[in-house]
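First residue of the sequence shown? That's 21 in the numbering used here, and the numbers climb one at a time after it.
For each residue, glycine too, the CB sits at the ideal point set by N, CA and C.
Remarks on the structure that follows.
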Amino acid sequence: MSWAQGLPMVNVSNGKGGQQYSLTLQLLALMTTLTLLPSLLLMMTSFVRIIIVLSLLRQALGTAQTPPNTVLVGLALFLTLFIMSPVFDDIYRNAVAPYMNGSLGFEKAVAQAEGPIRAFMLNQTREDDIAMFMQIAQKKDV
């Protein structure tokens, strides 16, 4: 009788000096980000608004399936990247480039990247809507 070989253990090594994450953790973070990228695209950008407008426009023109959904998604993705390019440029200049140069740690880079995204999302939200959700959550401060 032969035995099945067990799964190899996952080893995570610490970075030198505890200042940076090891390559294994960076790769794990990259794979996690790539997995979550579609949902992040939907939640944190104007993609949903654009695809809804393009779908309504297609219905208003009376064309049931022309252009196809893949074309609408492609156009919405292109327009989303165009609209978000100032935000992405700001994130690259203030978070990604300093992190890649080694002048900024991972935690600080994430904190620097959070600011432009948060500002964009707050600019796309009405204050009445935020107040309503804060009231529903029974929170006092934003």
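(message) Taking the beta carbon of Ile-70 as the centre, do at least 16 other beta carbons fall within 10 Å, making it buried, or is it exposed?
(response) Numbered from 1 along the sequence shown, position 50 holds the residue referred to as residue 70. So Ile-70 counts as buried.
(message) Considering only the alpha carbon of each residue, which of Glu-147, Phe-98, Gln-155 lies closest to Val-68?
(response) In the sequence shown, counting from the first residue as 1, residue 68 sits at position 48. Minimum Cα-Cα distance from Val-68 among the listed residues Glu-147, Phe-98, Gln-155 corresponds to Phe-98.
(request) Go through its chain and collect everything with a Cβ distance to Thr-65's Cβ below 6 Å, but skip five positions before and after it. (result) In the sequence shown, the residue the question calls residue 65 occupies position 45. Thr-100, Met-104, listed in sequence order.
(request) May I ask you to verify whether the region 122-132 touches the region 140-156, counting CB pairs closer than 8 Å and requiring at least 3? (result) no
(message) When you compare the CB positions of Leu-74 and Leu-62, do they come within less than 7 Å of one another, or not?
(response) Taking the first residue of the sequence shown as 1, we reach residue 74 at position 54. Taking the first residue of the sequence shown as 1, we reach residue 62 at position 42. Taking 7 Å as the Cβ cut-off, Leu-74 and Leu-62 do not qualify as a contacting pair.
(request) Quick one: measure Cβ to Cβ for Val-116 and Pro-136, integer angstroms, because I've assumed they're closer than 8 Å. (result) Numbered from 1 along the sequence shown, position 96 holds the residue referred to as residue 116. Numbered from 1 along the sequence shown, position 116 holds the residue referred to as residue 136. A Cβ-Cβ separation of about 11 Å leaves Val-116 out of contact with Pro-136 under the 8 Å criterion.
(request) Starting from the C-beta of Ala-129, find all residues in its chain whose C-beta is less than 6 Å away, skip the five residues before and the five after it, and write them out in chain order. (result) Here residue 129 corresponds to residue number 109 of the sequence shown, with the count starting at 1. The residues are Ala-115, Tyr-119.
(request) Please report the Cβ distance between Ala-133 and Ile-111, rounded to the nearest whole angstrom; I am assuming they are in contact, meaning their Cβ atoms lie under 8 Å. (result) The count along the sequence shown starts at 1 and reaches residue 133 at position 113. The count along the sequence shown starts at 1 and reaches residue 111 at position 91. Contact holds; Cβ gap of about 5 Å.
(request) Over the uninterrupted alpha helix (DSSP H) stretch that includes Ala-131, give me the two end residues. (result) Position 111 of the sequence shown, counted from the first residue, corresponds to residue 131. Taken as a continuous stretch (DSSP letters only), the alpha helix (DSSP H) holding Ala-131 covers 126-143.
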